[in-house]
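Numbering (the working numbering), first residue to last: 4 to 80.
Dropping the structure here:
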């Protein structure tokens, strides 16, 4: 669905996939290297294709601003 490069130069790729009728977007290392994979969102099939495109656009914009995978900056209290 999209690609970006971190500030450290790592290529990252956003994949969209449907598993058991559930749409998921994941952020994974794109250069075949090691690194963490992140689940960005799941359950988007209910919101439609335009919601999926908006999510990807926003995620790539945030990744460019932050220089790291946006999901790496989230935490649970």
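Even for Gly, the Cβ is constructed at its ideal location relative to N, Cα and C.
On a predicted model such as this, the values are computed, not experimentally measured, just so you know.
How would you call residue 50, buried or exposed, if buried means at least 16 neighbouring beta carbons within 10 angstroms? On the chain shown, position 47 is the one that residue 50 refers to. Only exposed fits residue 50, as fewer than 16 other CB atoms lie within 10 angstroms of its CB.
Strand pairing of residue 22, partner residues [DSSP]: Looking up residue 22 in the chain shown gives position 19. Answer by DSSP bridge pairing, in chain order: 25.
How far does the beta strand (DSSP E) with residue 43 in it reach, from first residue to last? On the chain shown, residue 43 is found 40 positions in, with the first residue counted as 1. In the DSSP annotation of this structure, the continuous segment of the beta strand (DSSP E) that includes residue 43 starts and ends at 41–45.
Can you say whether residue 30 is buried or exposed, counting buried as having 16 or more other CB atoms within 10 angstroms of its CB? The residue you call residue 30 lines up with position 27 of the chain shown. The residue in question, residue 30, is buried, as its Cβ has 16 or more Cβ neighbours within 10 Å.
Please determine, among 28, 6, 76, the residue with the shortest C-alpha to C-alpha distance to residue 47. Walking along the chain shown from the start, residue 47 turns up at place 44. Minimum Cα-Cα distance from residue 47 among the listed residues 28, 6, 76 corresponds to 28.
Considering Cα atoms alone, identify which of 38, 71, 57 is closest to residue 7. Your numbering for residue 7 matches position 4 in the chain shown. The candidate whose alpha carbon is nearest that of residue 7 is 71.
Can you list, in chain order, the residues of its chain whose CB lies under 8 Å from that of residue 24, leaving out five sequence neighbours each side? Looking up residue 24 in the chain shown gives position 21. Contacts found: 48.
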